[in-house]
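For reference, each letter of the first sequence is one residue, going 38 to 773 in our numbering.
All C-beta atoms in this analysis are idealised placements derived from N, C-alpha and C, irrespective of residue type, glycine included.
Data first, discussion second: the structure below is written as structure tokens.
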Amino acid sequence: MSSQNLLFLGTQQDKPFLPRLKPVMKGITTFVKLDAVSTITEVELYCRAKSVSGVLTTSIPLLSRLTDKPNPSLDAYSGSYFQRNGIEYVFVNPLDHTVSVPYGTFLLERYASKLVSPKSWRTPSKFNWSVISPRTADSIYAAFASPNCIAIAIDIETYRENLAIRCVGYTAIFDTGSDFETTSVVIPMDSDWTLHQVRKFNALPAAKIFQNGKYDCAYLSRYNAAPFNYLWDTANLFHSYYSELPKDLAFLQSFFVRNAAYWKDLAESSDLETYYLYNAKDTWATAEVFLAWMHEAPAWAKKNYTLEFPLTFPAHLSEMTGVKRDLQALKAAKLSYETEVDTKSASLDRMLGVKGFNTNSYKQKQVLLRLLGCGDIEGTDEKSLSKAAFRHPLNARILELVTEIQKDRKLLSTYLVEGKELNERILYALNPHGTDTGRLASKEHHFWCGLQIQNIPRGDAVKSTIVADEGFFFGECDLEQAEARDTAFAAGDESLITAVTGTRDFHSVNASAFFGRAYDAIYDDGKKKTKDKPLRDLAKRVNHGANYNMGAGVLVETMGLKNIYAAAKFLSLPKSWTPKEIAQYLLDQFDKTYPRIRGEYQTWIISQVLTHKRLTGATGWTRYCFDNPKTNKRALNAYVAHVAQSLNAMVLNQAYLKVFYDIALHPDHRNNFKLCAQIHDSILFQYRIGHEYLAEMVKDRMEIPVTILGADGKIRTFTVPAAIKIGNAKYWSQTE
DNA sequence: TGGCTCTGCGCC
DNA sequence: AAAGGGCGCAGAGCCA
């Protein structure tokens, strides 16, 4: 069958979006079938009749037949390839993704090209694998150690219950001169001999490739089997290329390997051989993704990788360091909040005349709002409750209590939970590939315990349960007004630059400029004290809102009616104004003061994205942008926020690396210093008592000059100042 | 019972 | 019509 005809086998759901399919099929004759099919034979007969050799499809029944699974997930299989009786099948997400997902069309086109232009795809290496045995180990090792082995992909499988490694898979990539070949091997972790093999293979000189390798390294470290020459990570590679796209290995494989199908369900197998096969396939996929990325990725993505990947190592150190929990303090805090919740809940129940009102139930809160005559309020979150509270003192009495209970329960359920520790330590993960902007993302640790370390509540409640190690104090060093400075310089807005870099208090300068009051009436420079807190706070909120391109309606929501009316009152605004008009007035004051920020700066960002599909920051970090900031305000907001957030992240990441190499790893300092975490604009560490100078060294390394081309076309250099927070801080709550 | 989505909320 | 960015986790609710 030499015909190039293709078939799109979809569902009725796809019908409205069929016009989007046409450009993707690049002029190839494509038949369309939207009615349900019940057998593969039916599809095959149709294809024979129409000389169709390839089927692009969103049909779940067909997927079910091909995978022999009752209820497969189309999303998991999107991009997957099957071949049967000479017909090729490629699954894609429902066509409505072309409009509902920013990268929907991009992925559809990419997956369709598996059929439309198969020659544009790399031919993957043949997958061959074995389970290691004493008979084969030496020859496999010798091959992996040979100079034409250019890299080795590794992946471990673990038992969650005891943090043991179940098996380790390897795929070696061999350069044959004209092509790349691979060999995969799995080492079950079931004897001293196999552990010895794992150590040997991990110590091989070839560069190692992982997918999210900090996970693997955490476990391998426990076995004293850390890998040597870990240089590549497919999660970081892909994040460096398309940060807005998913980064799991299954997605990466469908993205980079033409004739591969989703294989992750093999992991559920109870058959050992099948499980090892799954492990081997993971490493093969990792190797193939690596090769395809190297072949395809543009220079800017490679530059991104050089910025991002090195962060793996300080992140690994921080993750394995963790922070100590004072278990007694935890118990006490927990008990005290539990008592608090009990008391308040009893009081709430009495007020409502019910038993066991659940403040976590949005349904119950909906009913409550209705009973209080506030059925018009949509949500049941804190803002909605405070809106209702503002309407009547009785509402306020009840709903403020509800909110208080919720706050306490949040602490109890998320942060004051016993048993999150490992050896009395709170661990966490810090992932350089976790965000669209290049910030690190945090989550619980690879050992299935610990906490997200970047959202610990600000107050003492939780931080007073985090204790420094014996002989150490906590220190924290943060970049001051970093995003505001970054915005000012990126926009090239002279007045904002002046305000944010001046010696005067930034928010008071704003308050003065926005609302026409004398600066001296708002802030006392001599005493470094705020004199008009309400006005300064108002300026702070307005600045924050405007920076994120907030609309008046949202500003009303975030400030709350109480604050909006209070603002109108002390600014003597007309009494007839609606809350939204008041908010609009506030935003207008910002725009009058800093017209470039929501003016030329935004225009510049839009044109950058529209002309290049990319935003490149001052440090060279580039974000590929799938969304359209001209037609989609959400996208515009995201890209506007990106510029400052990303620049700040990049600078802090550089600082994190410097602190890692100059202090945490340095032979002169390593015994007196612990690198704990990076928290968006700060670095958390511990220093040995008596070694306060280390905090100074951290500060020095955080103050990195940035040279930036502003949206006004001028080049400027600036440095965000860092502030040290120390003070005999035995507990994290005591850094100040 | 487990898995999924929705809702809400902690941080910067 | 109107739309504040970036994250991860817990509980409720719902479905199979």
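Please name the residue or residues paired with residue i in a DSSP beta bridge.
i: residue 537; result: None; residue 537 has no bridge partner.
i: residue 794; result: With the chain covering only 38 through 773, there is no way to say anything about residue 794.
i: residue 230; result: Its beta-bridge partners do not exist; DSSP assigns none.
i: residue 204; result: 194, 225
i: residue 463; result: 360
i: residue 514; result: 720, 761
i: residue 504; result: 361, 768
i: residue 246; result: 190, 269
i: residue 784; result: Any question about residue 784 goes unanswered here, given that the chain covers just 38 to 773.
i: residue 561; result: 566
Taking the C-alpha atoms as reference points, what is the distance between residue i and residue j?
i: residue 760; j: residue 772; result: 12 Å
i: residue 762; j: residue 732; result: 8 Å
i: residue 466; j: residue 639; result: 34 Å
i: residue 88; j: residue 689; result: 58 Å
i: residue 456; j: residue 606; result: 50 Å
i: residue 102; j: residue 395; result: 46 Å
i: residue 149; j: residue 405; result: 51 Å
i: residue 617; j: residue 378; result: 36 Å
i: residue 249; j: residue 497; result: 34 Å
i: residue 752; j: residue 283; result: 35 Å
i: residue 51; j: residue 115; result: 15 Å
i: residue 54; j: residue 132; result: 6 Å
i: residue 598; j: residue 435; result: 18 Å
i: residue 39; j: residue 291; result: Summary for residue 39: the model assigns pLDDT 44, below 50, so the residue's position carries little reliability; its value from the coordinates is reported in the next sentence. Their backbone Cα atoms lie some 26 Å apart in a straight line.
i: residue 123; j: residue 64; result: 22 Å
i: residue 180; j: residue 243; result: 11 Å
i: residue 442; j: residue 323; result: 47 Å
i: residue 487; j: residue 479; result: 11 Å
i: residue 309; j: residue 195; result: 13 Å
i: residue 137; j: residue 646; result: 19 Å
i: residue 297; j: residue 490; result: 37 Å
i: residue 423; j: residue 245; result: 54 Å
i: residue 49; j: residue 85; result: 23 Å
Considering only the beta carbon of each residue, do residue i and residue j sit closer than 8 Å?
i: residue 432; j: residue 408; result: no
i: residue 247; j: residue 267; result: yes
i: residue 46; j: residue 74; result: yes
i: residue 524; j: residue 584; result: yes
i: residue 299; j: residue 113; result: yes
i: residue 319; j: residue 418; result: no
i: residue 449; j: residue 371; result: yes
i: residue 104; j: residue 129; result: no
i: residue 336; j: residue 520; result: no
Among the options, whose alpha-carbon lies nearest the alpha-carbon of residue i?
i: residue 482; options: 468, 645, 493, 451; result: 468
i: residue 711; options: 361, 161, 575; result: 361
i: residue 140; options: 676, 665, 768, 764; result: 665
i: residue 553; options: 669, 495, 626; result: 626
i: residue 120; options: 106, 92, 147, 136; result: 92
i: residue 735; options: 722, 746, 743, 742; result: 722
i: residue 98; options: 252, 621, 78; result: 78
i: residue 341; options: 693, 687, 739; result: 687
i: residue 213; options: 187, 222, 238, 422; result: 187
i: residue 518; options: 299, 623, 719, 245; result: 719
i: residue 463; options: 504, 446, 716; result: 504
i: residue 289; options: 281, 272, 305, 296; result: 272
i: residue 61; options: 449, 174, 699, 154; result: 154
i: residue 144; options: 444, 281, 450, 224; result: 281
i: residue 513; options: 600, 770, 166, 107; result: 770
i: residue 470; options: 276, 590, 624, 233; result: 276
i: residue 667; options: 641, 601, 229, 235; result: 641
Under the criterion of a Cβ to heavy atom distance below 7 Å, does residue i qualify as lining the ligand MG?
i: residue 496; result: Judged by which ligands are present, the structure shown has none, so any question about the ligand MG falls away.
Is it a yes or a no for the stretch 537-550 touching the stretch 569-580, going by three-plus beta-carbon pairs under 8 Å? yes
Closer than 8 Å is the cut-off here; do at least three beta carbon pairs connect the stretch 622-640 with the stretch 517-532? yes
Whether or not the stretch 725-742 and the stretch 595-612 are in contact is what I'm after, with contact meaning three or more pairs of Cβ atoms, one per stretch, closer than 8 Å; do they touch? no
Count Cβ pairs between the stretch 195-203 and the stretch 245-259 that sit closer than 8 Å; are there 3 or more? yes
Does the stretch 158-174 come into contact with the stretch 458-465, if we say contact requires no fewer than three beta-carbon pairs (one atom in each stretch) closer than 8 Å? no
Evaluate contact between the stretch 650-666 and the stretch 694-712, counting only Cβ atoms and requiring at least three cross-stretch pairs below 8 Å. no
Would the stretch 739-759 and the stretch 487-506 be scored as touching if the rule is three or more Cβ pairs under 8 Å? no
Touch test, the stretch 210-224 against the stretch 320-335, Cβ-Cβ under 8 Å, three pairs minimum: yes
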